[in-house]
């Protein structure tokens, strides 16, 4: 006789369209002698998911995924069950390995036809059609014993697969949705995906989760997602593409029935460009140094940001600096090439900046736009970075007139 244990995250994932983590079905053995009628036993308390960690290493299209799940049995009785892991529909499973509390566990890989009969048998006992969603896919099955009362159980499952490639993108999918099947939040949830490729990586995108993406050069990247006491409503999806030209383009399309379709276009430039590939530019930094910038350490933040921006300029860039309070002051009358010496000189000038006086935005705009009109034999884009913390208090104080003046000076 089968009884279902709601395993929070585990059971929730049986609804995943691509593949899922395991579920545990507990087994109550039938007695040799039929006992006299007894009062019904109390229902099992749901097994709690203490943590769920997923780590995937992707090399090209090959992916090795390791799932570590920690459960807690809140019941006062010892339980026995089966660990069922429906296999990915689109994946080619090359190998698998499972440990329970650190000890190797033997399991069996079942073909889709045999797996279907197991799914249907459990559904008949449970009167729950959820497992029928796995019909047509294979199954990994292993015995789980003992599930000790009021103790934790850690299951670690590893498998490799071949990820699908379509329209220039490799797709990785892992189910995290739990809300449909369980109201118990997952205490600790993490997904970590290491991507390694022979080709340069460009587009890396998750349409389902806000992930941290750390690039390790052109051919490696780390994608991470973490949550505490969370009840995910969507499965985890990740797409990545490879570099082609200077700008790589990938397109994903979607159409439901006869409705109008949608598309998502990912345009990704090269991660690293040589100096020759970077277009030289002119940048003018206009910084407010009025007395109000003393509040909350704003002047210190502005000086730190200005140093960072100047030091990040390329050798073929040019730059200028304008500071303003009651009056406006240009660092130099003309733009300076971003050489090492000029950057060091700018750094010394930035250190001497002090906050005092009023806010004369009109004068600062005039000086900044005058530097922007500096002529050069090379056509280059020009940017003005204007940093202020408030409204004008000196000379022209009407914002609309300031906008009009800036438009006229640009012509």
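Numbering (the numbering used here), first residue to last: 17 to 427.
The beta-carbon is built from N, C-alpha and C at its ideal position, and this holds for glycine as well.
Keep in mind that this is a model prediction, so the values were computed, not measured.
| said: Given the structure, does residue 299 come close to the ligand SAH, in the sense that its CB is under 8 angstroms from one of the ligand's heavy atoms? | reply: Ligands displayed in this structure: none; no statement on the ligand SAH is therefore possible.
| query | Mind checking residue 352: buried by the 16 CB within 10 Å criterion, or exposed? | reply | On the chain shown, residue 352 is found 336 positions in, with the first residue counted as 1. Label assigned to residue 352: buried.
| So, helix, strand or coil for residue 371, using DSSP? | Counting from one through the chain shown, the residue named residue 371 turns up at place 355. In this structure, residue 371 counts as coil in the three-state DSSP scheme.
| request: Please state if the CB of residue 179 and the CB of residue 8 are separated by a distance shorter than 9 angstroms. | output: Shown here, the chain extends from 17 to 427; a query on residue 8 therefore has no answer.
| said: Pull the bridge partners of residue 346 from the DSSP assignment, please. | reply: As a working mapping, residue 346 is identified with position 330 in the chain shown. Paired residues: 338.
| message | Taking the alpha carbon of residue 100 as the reference point, which residue from 78, 68, 124, 92 has its own alpha carbon closest? | response | For the purposes of this step, residue 100 is taken as residue 84 along the chain shown, with counting starting at 1. The candidate whose alpha carbon is nearest that of residue 100 is 124.
| said: According to DSSP, is residue 421 part of a helix, a strand, or is it coil? | reply: Position 405 of the chain shown, counting from 1, holds the residue named residue 421. Residue 421 falls in the helix class under three-state DSSP.
| message | Considering just the uninterrupted stretch of the beta strand (DSSP E) at residue 219, what are its terminal residues? | response | Counted from its first residue, the chain shown places residue 219 at position 203. Residues 217 to 221.
| Would the segment 200 to 213 and the segment 67 to 74 be scored as touching if the rule is three or more Cβ pairs under 8 angstroms? | yes
| One or two residues paired with residue 257 in a DSSP bridge | Mapped onto the chain shown, residue 257 falls at position 241. For residue 257, which the question treats as bridged, DSSP gives the partners 185.
| request: Take residue 409 as the anchor and find which of 332, 375, 89, 255 has the nearest alpha-carbon. | output: The residue given as residue 409 occupies position 393 in the chain shown. Checking every option, the nearest Cα to that of residue 409 belongs to 375.
| Mind checking whether residue 170 and residue 98 have CB atoms under 9 angstroms apart? | What you label residue 170 is simply residue 154 of the chain shown in a count that begins at 1. What you label residue 98 is simply residue 82 of the chain shown in a count that begins at 1. Not a contact, by the Cβ cut-off of 9 angstroms.
| query | How long is the line joining the alpha carbons of residue 407 and residue 413, rounded to whole angstroms? | reply | On the chain shown, residue 407 is found 391 positions in, with the first residue counted as 1. On the chain shown, residue 413 is found 397 positions in, with the first residue counted as 1. Distance between the alpha carbons of residue 407 and residue 413: 8 angstroms.
| request: Measuring alpha carbon to alpha carbon, tell me which of 94, 293, 64, 254 ends up nearest residue 77. | output: Translated into positions along the chain shown, residue 77 becomes position 61. Among 94, 293, 64, 254, the Cα nearest to that of residue 77 belongs to 254.
| said: Taking 9 angstroms as the threshold (C-beta atoms), are residue 411 and residue 371 in contact? | reply: Translated into positions along the chain shown, residue 371 becomes position 355. Translated into positions along the chain shown, residue 411 becomes position 395. No, the Cβ-Cβ distance between residue 371 and residue 411 is not below 9 angstroms.
| query | Thinking C-alpha only, which one of 117, 362, 130, 102 is nearest residue 155? | reply | Translated into the one-based positions of the chain shown, residue 155 becomes position 139. The option with the nearest alpha carbon to residue 155 is 102.
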